[in-house]
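Protein sequence lines, in the order shown, are assigned to chains A and B. Take 1303 as the starting number for the first sequence in the working numbering and just add one per residue. Take 13 as the starting number for the second sequence in the working numbering and just add one per residue.
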Amino acid sequence: GDSVTQMEGPVTLSEEAFLTINCTYTATGYPSLFWYVQYPGEGLQLLLKATKADDKGSNKGFEATYRKETTSFHLEKGSVQVSDSAVYFCALSINSGYSTLTFGKGTMLLVSP
Amino acid sequence: DTGVSQDPRHKITKRGQNVTFRCDPISEHNRLYWYRQTLGQGPEFLTYFQNEAQLEKSRLLSDRFSAERPKGSFSTLEIQRTEQGDSAMYLCASRGQGTMDYTFGSGTRLTVV
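Right, dumping it as structure tokens:
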């Protein structure tokens, strides 16, 4: 079946450091790929997405590129802020049928001043 | 539009009691999803509605769980004879036709004591 694997956390960084959170996937079809962010006690917010190979999603300084050859969608940010502290989820959805989302286990990011 | 609304935000119940949660999706979204998220894990798919029709159910949705979307607008998720293992965050998401943009509610956190 479809699955998403993320690097385990927590990832601890100092403010203004470079961030990478790795995400790889397996899918039977041609998925769309997503990064969601979850702040404590809250639901999920869409951070960025990419719907086909080589697409780059970007939002709020975060970027991720859909790499079909390596089945990856790594999240990056050049300079993190304390306010970026949250749990980040990589997810996929097959562009057919019911298009349910399949999530990774999440990676907690902790940014210190 | 105020996004996806879920009620209640928190529910504490005694084992064996029944509970019901409500989700109000974005009004023009005809697709509605329920997910369950346990501590330290990513959300897991429970069930999917297109308009009022329940089109897919996960094996996670035991006989004690039932979901409805009677008029294709709001949805309810009922858990009968709750067990401690039902303690989780229950998330609702909606999606419009022809898009891959899922919008999540803030979730209902259930604690079974």
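For each residue, glycine too, the CB sits at the ideal point set by N, CA and C. As the structure is a prediction and not an experimental result, all values here were calculated from the model.
Residues near residue i in its chain [Cβ-Cβ closer than 7 Å; skip 5 each side]
| i | result |
| --- | --- |
| A1355/A | Y1368 and K1370 |
| V1380/A | According to the sequence as given, residue 1380/A is Gly; it is not Val. So the list reads F1320 and G1363, once near-sequence residues are dropped. |
| Q62/B | N42 and R43 |
Reference residue i; option with closest CA among the options
| i | options | result |
| --- | --- | --- |
| L122/B | T111/B, G97/B, R71/B and G108/B | G97/B |
| V125/B | R34/B, G28/B, G84/B and R76/B | G28/B |
| S17/B | K26/B, T25/B and S39/B | S39/B |
| S1395/A | P1415/A, L1335/A, N1324/A and Y1327/A | L1335/A |
| K26/B | Q109/B, G84/B, S99/B and G119/B | S99/B |
| M1410/A | T1322/A, G1303/A and D1304/A | T1322/A |
| H22/B | G1345/A, G1406/A and V1382/A | G1345/A |
| E1378/A | G1406/A, A1352/A, T1372/A and N1324/A | N1324/A |
Whole-angstrom C-beta distance between residue j and residue i, which should lie under 8 Å
| i | j | result |
| --- | --- | --- |
| Q66/B | A79/B | 6 Å |
| T88/B | V31/B | No, T88/B and V31/B are not in contact; Cβ-Cβ is about 10 Å, not under 8 Å. |
| Y114/B | L1403/A | 6 Å |
| S1305/A | Y1327/A | 7 Å |
| R81/B | E64/B | 5 Å |
Contacts of residue i in chain A (Cβ-Cβ under 8 Å)
| i | result |
| --- | --- |
| E68/B | Y1400 and T1402 |
| Y45/B | T1402 and L1403 |
Partner residues on chain A for residue i, Cβ-Cβ distance less than 9 Å
| i | result |
| --- | --- |
| D113/B | L1348 and K1351 |
Same chain, Cβ closer than 8 Å to residue i, five either side skipped, listed in chain order
| i | result |
| --- | --- |
| G1408/A | Q1308, G1311, Q1340, V1389, Y1390 and F1391 |
Close Cβ partners of residue i (< 6 Å) along its chain, the five nearest in sequence each way excluded
| i | result |
| --- | --- |
| L1412/A | P1312, T1314 and S1387 |
Partners in chain B for residue i, counting only beta-carbon separations shorter than 8 Å
| i | result |
| --- | --- |
| E1344/A | S118 and G119 |
| S1334/A | M112 |
Residue i: contacting residues in chain B (beta-carbon distance under 7 Å)
| i | result |
| --- | --- |
| G1406/A | G54 |
Listed by chain order, chain B residues near residue i by CB distance under 9 Å
| i | result |
| --- | --- |
| F1391/A | G54 and P55 |
| S1360/A | Neighbours of S1360/A on chain B: none; closest Cβ ~16 Å, over 9 Å. |
query: Quick one: any contact between the segment 99-110 of chain B and the segment 42-49 of chain B, if contact means 3 or more CB pairs under 8 Å?
result: A contact exists between the segment 99-110 of chain B and the segment 42-49 of chain B.
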